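Student:
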Amino acid sequence: MAWTGNVLRVNLTTGEISTEALNQQWAQEYLGQRGLATKYLYEEIDPKIDALSPDNKLIMVTGPLTGTMASTGGRYSVVTKSPLTGAVACSNSGGFIGAELKMAGWDMIIFEGRAPRPVYLHIENERAELLPADDLWGKSVWDTDEELHRRYQDPLLRISCVGRAAEQGNLYAGVINDLHRAAGRSGVGTVMASKHLKAVACRGTKGVGNLKDPMRFLQAAEQAKKVLADSAVTGQGLPQYGTQVLMNVINEIGALPTHNMQEVQFEGASKISGEAMHEPRPTDHQPNLTTNAACFGCTIACGRISTMDKGHFTIENKPQYWGASGGLEYEAAWALGTDTGVDDLETLTYANYLCNEDGFDPITFGSTVAAAMELYETGVITDEDTGGIELKFGSARALAQCAELTAKGEGFGKILGLGSKRLCEKYRHPELSMTVKGQEFPAYDPRGIQGMGLAYATSNRGACHLRGYTVASEVLGIPEKTDPLVTDGKPELVKAFQDATAAVDSSGLCVFTTFAWTLEDIAPQLDAACEGDWTADKLLEVGERIWNLERDFNLRAGLTGKDDTLPKRLRKDAAKTGPAKGMVNELDKMLPHYYEIRGWTPQGELTDDTRRRLGL
Amino acid sequence: MLRALQLEPAKCTGCQQCELACSYENEGVFNPSKSRIKVFTFHHEGRFAPYTCTQCDEAWCMHACPVEAITLNTATGAKEVSDVDCVGCKVCTIACPFGTVNYNHDTGKVMKCDLCGGDPWCAKACPTGAITYVDVDNAGFERMRAWAQQSPQGPATYNAPRPKDVATYTRTN
């Protein structure tokens, strides 16, 4: 079956915990994880509600391949309505807790209401218990993790929790699991904290079995692992450099957003790249990178484990940061570094540690600091606003101070914690917020990669690279090369990536496998594991259904086609350097045709025909 | 040729594919908590160490067992637990100096590595070659212990999956 068939429902208001059978028809239509939880959310809440009210629900959900021997089969997602965007939020994380929830026998946990006092949920197989967390409230993610491990004396207890940022109302707080893996984007941690739910601690010893055809599954998984091992990206580039393999590549093609997206290339890129993480430091002759590391079941192992220079100004008197911990990935290095102009690898690593330690999204945080820096340099924000922080582009000290304040939600960090949209509105320059639907861009400038402009504008969770990563095709030539500077064919490309990714995100697998896998590699694994017939075509259909369901949620929440847009800067201010010099993103040339092939009206609404075709 | 599992922590990424393979072969479910091989994570050092039974010649567990439930498989050198004979007294778990014999509360028996009858799944599943099944005379256990204790700082390491042939899994349990 692959699904356990069990759903845990936790009413935080009353403290009541109940179990119910998974809706198997929905599992056939929406697969698992992102798709299936979105269906539950869509059916159970009014999309118009305040995301931080008790009416919102928060779902932790696994996929059918979570906990199996499929490579990367350890993913889980946190699905809710986002306080940052007002749209549907689905943040995906690796690490180990996803598999642990499955091993304990659960496909998903649905949290409802709001606890009167802080609580955490302890799960041991079928036993689930809400316990007081007054003593954990106010603690960082790392301290909470340590305390719960101490309390249960079990090193294999897996923990997801929120940090102080979420408690303080930071709108882009994540849910951190296993110390430094994150359901990071769209403020899913903020929702969790609003429910006074500090942590979920889980131990599962039941295992995952009951597959449809286990021996066929093992062989399909084995074949697919060979594809990953034989690929230059998943077999070499990602293990060696992590996602940071992209820093120099994206800089060279002139699509590396710099200084709050004013530029498209960064002269300090090589200093903060994946390659630089391997170089011994002049100070202590050690490299920033200690080793790569895998999430549960992953045969790629792109994760970075770093060890900072103990003498670095950010940590010289803070031994708690001297050990190895989760290092920089490309998105974090870009947002914390390139977008703010800070080219000091150690400071970026420190800021990244703080994002993990107190659970806030480094993409939105870095971009918000970058927007604040532009406002500071133009004199709109003053030292009085920042509490004395000299917020200039390129200032490592300013970045470190901002991260420290944002982690605790203190001083100027309280304002940074609102995200760039609200920060720029507060200072009356909304045009300087580099966001779609209120969520900040990731590390690919859509002037140099045209398809990404459309992918960002139409992403159901606001600007995001993981909803339709056409970079794969436009830059890396996967599965086939397209020209990043043209708009022709991009609506079709974006739709294909969006639908395929929605299916991958619903399977329990990591989207990074798609640097080597297509749905043709994934379908045989699902088909051998899950009831039903799972072909690549069916997965695309499921993906398209999920995409439209998310869209429908957003439309019902009050978003419209007018929200499918990009900041003026990316549509009007041409790239100044690189291969895309002189170009803007030509969203207008792509969007109408995209709506057409989606089967939506010219205003971006679902037609009755589309609903009927997809069974919505 | 008698073969042994050679464990090289420096090549381990902590992915637990070995634990999934082991538990599937032995229990029919993917379940690290029922695996005979374990990967230990040394978080602050950024190191991972896979660890399982070394199949001692003079096996403490075998000698300690009061009902002779642990016997030598002469073909593989493995010390194997007979579930029929095991009474779940756990004396072997105390006797083993390495902690590689463990009690399974679901069955009331102990469990330990039996080398899958000479075709260990963990070695087949390991993507990076951290677990190999080699001539017993070359298994570098001491090197592993020394490595696990070494100073955490050192040159950056990374472990990529090895280009591989497709393994075939056949369940024997």
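Just so you know, the sequences run in chain order E and W. In terms of the working numbering, the first sequence is residues 1 to 616. In terms of the working numbering, the second sequence is residues 1001 to 1173. Think of the CB as a built atom: it goes at the ideal place given N, C-alpha and C, for glycine as much as any other residue. It should be emphasised that the depicted structure is a prediction, and the values quoted were computed from it without experimental measurement.
1. Restricting to Cα atoms, I'd like to know which of E:Ile59, E:Met215 and E:Tyr30 is closest to W:Thr1168.
2. Any C-beta of chain E within less than 9 angstroms: which residues of the region 1031–1061 of chain W qualify?
3. Can you look up E:Ile176 in the DSSP assignment and give me helix, strand or coil?
4. For E:His149, decide whether its Cβ has a neighbour in chain W, counting only Cβ atoms nearer than 8 angstroms.
5. Would you call the CB atoms of E:Lys628 and E:Gly558 closer than 8 angstroms?
6. Do we get a CB-CB distance below 8 angstroms when we pair E:Val629 with the residues of chain W?
7. If the cut-off is 7 angstroms on Cβ atoms, which residues from the region 63–82 of chain E count as contacting chain W, listed in chain order?
8. Short check: CB of E:Ala37 to CB of E:Ile59, under 8 angstroms?
9. Quick one: which chain W residues come within Cβ less than 8 angstroms of E:Gln236?
10. Tell me whether E:Ala115 sits in a helix, a strand or coil according to DSSP, three-state version.
11. Could you name the residues of the region 293–305 of chain E whose beta carbon sits closer than 9 angstroms to any beta carbon of chain W, in the order they occur along the chain?
12. Please tell me whether E:Arg461 and E:Ala89 are closer than 8 angstroms, where the distance is taken between their beta carbons.
13. Quick check: is the beta carbon of W:Cys1022 nearer than 8 angstroms to any beta carbon in chain E?
14. Please report how far the alpha carbon of W:Asn1073 lies from the alpha carbon of W:Asp1083, in whole angstroms.
15. Might you give, ordered along the chain, the residues of its own chain that have their beta carbon closer than 7 angstroms to the beta carbon of E:Thr144, omitting 5 neighbours on each side?
16. Kindly list the residues whose CB is nearer than 7 angstroms to the CB of E:Asn11, restricted to its own chain and excluding five residues on each side of it in sequence; keep chain order.
17. Would E:Lys576 pass as a contact of W:Lys1164 if the rule is Cβ separation under 8 angstroms?
18. Pick out whichever of E:Ala232, E:Asp50, E:Trp26 and E:Glu357 has its Cα sitting closest to the Cα of E:Gly163.
19. Could you name the residues that DSSP lists as bridge partners for E:Cys90?
20. If we require 3 or more residues per run, which beta strand (DSSP E) segments fall completely within the region 1058–1102 of chain W?
21. What does E:His278 touch in chain W if you count any residue whose Cβ is under 7 angstroms from its own?
22. So, using beta-carbon positions, are E:Leu375 and E:Tyr427 closer together than 8 angstroms?
23. Look up E:Glu146 in the DSSP assignment and say whether it is helix, strand or coil.
24. Closer than 7 angstroms by beta-carbon distance: list the chain W residues that pair up with E:Lys226, in chain order.
25. Suppose you measure from the CA of E:Ala502 to the CA of E:Thr299; what does that come to, to the nearest Å?
26. Would you mind telling me which residues of chain E sit closer than 8 angstroms to W:Cys1015, beta carbon to beta carbon, in chain order?
27. Quick check on W:Gln1006: does DSSP put it in helix, strand or coil?
28. Going by the CB atoms, is the gap between W:Cys1092 and W:Cys1065 shorter than 8 angstroms?
29. Could you name the residues of chain E that W:Gly1028 contacts, counting a contact when the two beta carbons are closer than 9 angstroms?
30. Could you name the residues of chain E that W:Pro1127 contacts, counting a contact when the two beta carbons are closer than 9 angstroms?
31. Please compile the residues from chain E whose C-beta is within a distance smaller than 7 angstroms of the C-beta of W:Tyr1133.
Tutor: Result, derived from the coordinates:
1. Looking from the CA of W:Thr1168, the closest CA among E:Ile59, E:Met215 and E:Tyr30 belongs to E:Met215.
2. When CB distances to chain E are screened at a threshold of 9 angstroms, the residues of the region 1031–1061 of chain W falling below it are Asn1031, Pro1032, Ser1033, Lys1034, Phe1040, Thr1041, Phe1042, His1043, His1044, Glu1045, Gly1046, Arg1047 and Phe1048, in chain order.
3. DSSP places E:Ile176 within a strand segment (E or B) once states are collapsed to three.
4. Answer no: the Cβ-Cβ gap between E:His149 and chain W never drops below 8 angstroms.
5. Past the edges of chain E, shown from 1 to 616, lies residue 628 of chain E, and the structure says nothing about it.
6. This structure leaves residue 629 of chain E out entirely; chain E is present only between 1 and 616.
7. Hits within the stretch, in order: Gly67, Thr68 and Met69.
8. The Cβ-Cβ distance between E:Ala37 and E:Ile59 falls below 8 angstroms.
9. In chain order: Ala1160.
10. Judged by DSSP in its simplified three-state form, E:Ala115 adopts coil rather than helix or strand.
11. Result list: Ala293, Ala294, Cys295, Phe296, Gly297, Cys298, Thr299, Ile300, Ala301, Gly303 and Ile305.
12. Against a cut-off of 8 angstroms, the Cβ pair of E:Ala89 and E:Arg461 comes out as a contact.
13. No, W:Cys1022 lies away from the interface with chain E (no Cβ there is under 8 angstroms from its Cβ).
14. Computed Cα separation, rounded: 15 angstroms.
15. If we look at E:Thr144 and ignore the five residues flanking it on each side, its Cβ neighbours are Leu136, Cys161, Lys198 and Ala199.
16. The residues are Glu112 and Gly113.
17. For E:Lys576 and W:Lys1164, no; Cβs fall outside 8 angstroms.
18. Out of E:Ala232, E:Asp50, E:Trp26 and E:Glu357, E:Glu357 has the C-alpha closest to the C-alpha of E:Gly163.
19. E:Cys90 pairs with E:Val79.
20. 1070–1072 and 1079–1081, all fully within the region 1058–1102 of chain W.
21. By Cβ distance, chain W contributes Ala1156.
22. Between E:Leu375 and E:Tyr427, the C-beta gap is smaller than 8 angstroms, which places the two residues in contact.
23. Of the three classes helix, strand and coil, the one that applies to E:Glu146 here is helix, per DSSP.
24. Residues of chain W passing the Cβ test: Lys1164 and Val1166.
25. Cα to Cα, the separation comes out at about 22 angstroms.
26. Those within 8 angstroms of W:Cys1015 in chain E are Ala294, Cys295, Phe296, Gly297, Cys298, Thr299 and Ala301.
27. Strand, per DSSP.
28. Yes, the Cβ-Cβ distance between W:Cys1065 and W:Cys1092 is below 8 angstroms.
29. Under a criterion of Cβ atoms nearer than 9 angstroms, the residues of chain E adjacent to W:Gly1028 are, in order, Gly207, Gly209 and Pro214.
30. Taking a Cβ-Cβ threshold of 9 angstroms, the residues of chain E close to W:Pro1127 are Ser71, Lys225, Leu228, Ala229, Ala294, Cys298, Thr299, Ile300 and Ala301, in chain order.
31. Ordered by position in chain E, no residue passes the 7 angstroms Cβ test against W:Tyr1133, which lies about 17 angstroms from the chain.
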